[in-house]
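A short write-up of the structure that comes next.
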Amino acid sequence: LSATASPHLGRRLRRRAMEDLLNSIDQEALTPEQRGETYDTLLKVLGNISRNPGEPKFRTLKKDNKLVAEKLCRSTGAVSVLLALGFDDDGAAYRCPADADTGLISEAVDLLECIVASRQSEAAAAA
23 LSATASPHLG RRLRRRAMED LLNSIDQEAL TPEQRGETYD TLLKVLGNIS
73 RNPGEPKFRT LKKDNKLVAE KLCRSTGAVS VLLALGFDDD GAAYRCPADA
123 DTGLISEAVD LLECIVASRQ SEAAAAA
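The sequence shown lines up with residues 23 to 149 when you count with the numbering used here.
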């Protein structure tokens with residue numbers, strides 16, 4: 023592979039891996055409503071970091087927080103997404119370090135926006 027093709031290939035592989043992780047949430051033993059809540063919560067959390075990369079309060083997800091515990095921690099796929107994006111698990115919280123790849127987080131936000139929009143379209147069509 024040429025040197026110029028390499029970054030594009032790496033980005034495509036990264037994006038595909040993130041798609042696979044996000045799609046794994048649909049394979050979990052969750053109700054459709056719980057899956058939707060998990061996707062929505064991931065989108066909100068990662069969107070906050072993407073829009074406010076210098077704001078430390080958005081970079082810490084305490085596991086004893088009701089929203090985090092009920093919407094994210096119940097999903098191994100959601101936790102895997104956080105870890106793949108560079109979050110550290112310190113036992114009590116998931117922490118996104120200041121030097122995390124915000125480009126990768128933004129890509130995850132883009133994918134989540136597509137997933138959430140698709141789920142909303144499917145729900146509307148079924149109604």
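Every residue gets a Cβ at the ideal spot worked out from N, C-alpha and C, and that includes glycine.
Three-way DSSP call (helix, strand, coil) for residue i in this model
i       : result
Asp-86  : coil
Asp-110 : strand
Glu-50  : coil
Asp-123 : coil
Gly-76  : coil
Residue interval of the alpha helix (DSSP H) (run including residue i)
i       : result
Arg-117 : Taken as a continuous stretch (DSSP letters only), Arg-117 belongs to no alpha helix (DSSP H), being part of the beta strand (DSSP E) at 115-117.
Ala-100 : 98-106
Ser-62  : The sequence shown places Asp at residue 62, rather than the Ser named in the question. Start and end: 54-73.
Counterpart residues of residue i in DSSP-defined beta bridges
i      : result
Asp-18 : The requested residue 18 does not occur in the structure, where the chain is confined to residues 23 to 149.
Proximity below 8 Å, CB of residue i to CB of residue j
i      : j       : result
Thr-63 : Ile-47  : no
Leu-44 : Ile-137 : yes
Arg-81 : Cys-118 : yes
Exposure of residue i, with buried meaning 16 or more beta-carbon neighbours within 10 Å
i       : result
Gly-99  : buried
Leu-134 : buried
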